[in-house]
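Q:
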Amino acid sequence: KRQEYFDDYWKLGSWELQSSFLNSAVNIGEPNRKKYGAVHGKSFSCQYHLGNVRVCKEFFLKTLHASNKRVTNVASKKNISETGISPRDKRGHKVPTNKTVQEKTDLVKE
């Protein structure tokens, strides 16, 4: 069963689909305890699920071979958004500033 979760996660392929999988598998809630007067205390608590079974963080990370930073980033973005859906990755969608215009490239080729 554990191998099936691993295969399902990595067969998704794209970063956004994997983030969506992690987003659905991690539930965000209030921490059980907060330190009185702590300036930078724990802001949220996570519960990890594989299928319908709640698992510990270590089991979750080792099963999916995902890094702690990856899961924490998805969870923090989920915590920030009002809808609970992770925002899209914004990398790689802009035209480079030093890109040559297509017409100039065609002129050189002629």
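Heads up, the sequence shown is in full-length UniProt numbering, so the first residue is 1 and it goes up one at a time. Ideal Cβ positions, reconstructed from N, Cα and C, are used throughout, including at glycine. The structure displayed is predicted, hence computed values, not measured ones.
(1) Whose CA, out of Asn-32, Lys-57 and Val-74, lies closest to the CA of Leu-24?
(2) Could you check the C-alpha separation between Lys-62 and Arg-91 for me, to the nearest Å?
(3) Please list, in chain order, all residues of the same chain as Tyr-5 whose beta carbon is under 8 Å from its beta carbon, the five residues on each side excluded.
(4) Check for me: the beta strand (DSSP E) holding Tyr-36 runs from which residue to which?
(5) Does the beta-carbon of residue 146 have 16 or more other beta-carbons within 10 angstroms, so that it is buried, or is it exposed?
(6) Go to Ser-67, then tell me how far its alpha helix (DSSP H) extends in each direction, as first and last residue.
(7) Run through DSSP, which three-state label would Ser-14 get?
(8) Since I believe Tyr-48 is in contact with Val-26 (beta carbons under 8 Å), could you give me their beta-carbon distance rounded to a whole number of angstroms?
A: Looking at the coordinates:
(1) Locating residue 24 in the sequence shown gives position 24, counting from the first residue. Per the sequence shown, residue 24 should be read as Ser rather than Leu. It is Val-74.
(2) One-based indexing of the sequence shown puts residue 62 at position 62. One-based indexing of the sequence shown puts residue 91 at position 91. Taking the straight line joining both Cα atoms gives about 27 Å.
(3) Taking the sequence shown and counting its residues from 1, one reaches residue 5 at position 5. For Tyr-5, where only same-chain residues beyond five positions count, the Cβ hits under 8 Å are Leu-50, Gly-51, Thr-63 and Leu-64.
(4) On the sequence shown, position 36 is the one that residue 36 refers to. Tyr-36 -> no beta strand (DSSP E), and no H or E assigned at all.
(5) Limits of the chain in this structure are 1 at one end and 110 at the other, which puts residue 146 out of reach.
(6) Position 67 of the sequence shown, counting from 1, holds the residue named residue 67. From DSSP, Ser-67 is part of no alpha helix (DSSP H); its letter is neither H nor E.
(7) The residue given as residue 14 occupies position 14 in the sequence shown. Ser-14 falls in the coil class under three-state DSSP.
(8) Position 26 of the sequence shown holds residue 26. Position 48 of the sequence shown holds residue 48. About 6 Å; that satisfies the 8 Å criterion.
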